[in-house]
Every structure is written in structure tokens, then in C-alpha cells.
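Take any residue in the sequence shown, note its place counting from 1, add 158, and you have its number in the numbering used here.
We treat Cβ as the ideally placed atom computed from N, Cα and C, and that holds for glycine.
As C-alpha cells, the structure follows; a few thoughts come after it.
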Amino acid sequence: MTTNKQAQMQSLVRLPMLLKLTGLSRATAYRYSKSDPHFPKPVMLSDSTARNAPVGYRLQDIQHWIRVRAESSGL
């Protein structure tokens with residue numbers, strides 16, 4: 159596997175990019191994060207335990223979730 163491919167697979171994106179990639183609203187993304195066990199899990203970006211601590215999402219997880227949803231809907 160090439161270095162660029164490895165870097166892409168380990169890339170983290172913030173919530174605005176997750177929303178753009180999935181086409182979901184912020185409220186729907188939060189709802190899916192609580193109700194859909196396959197929805198991408200957030201990765202803590204700091205040691206903060208605050209409610210609004212920064213998080214990211216693995217790009218690979220987002221792409222996989224989109225692919226599975228598309229396949230299950232027959233696309």
C-alpha cells in the first residue's frame with residue numbers, strides 16, 4: 159500500500175465535512191450517531207472531557223458507511 163493511500167485511509171475530517179460528504183443535516187447526523195450502530199464513530203481530538211470537545215471522523219469509516227447505504231438501497 160502506498161504512503162498516500164495509507165494517509166488517506168487514516169485521514170480525519172471534522173463534522174462540517176462529514177455533513178457535506180453524507181448530505182445529512184447536523185441534527186440527522188447526531189440522531190444517526192445515537193441510533194445507527196454502523197454510523198461513523200467520533201474520534202476525540204483532545205484530552206478534554208468537555209461536552210463540546212473537538213472530534214473528528216475517520217474518512218474511511220464515512221466512505222464505508224456511504225457505500226453500505228448505497229448498496230443496501232440498490233444503487
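G181 sits away from P200, with the two beta carbons spaced by 9 Å or more. Between I220 and P212, the alpha-carbon positions lie close to 18 Å from each other. The DSSP-derived three-state label of L176 is helix. Counted as a single uninterrupted DSSP element, the alpha helix (DSSP H) harbouring R184 occupies residues 184-193. Beta-bridge annotation (DSSP): V213 is paired with M202. Counting C-beta atoms within 10 angstroms of its own C-beta, P195 has fewer than 16 neighbours from the protein chains shown and is therefore classed as exposed.
With a 10 Å radius around the Cβ and a threshold of 16 neighbouring Cβ atoms, P198 comes out buried.
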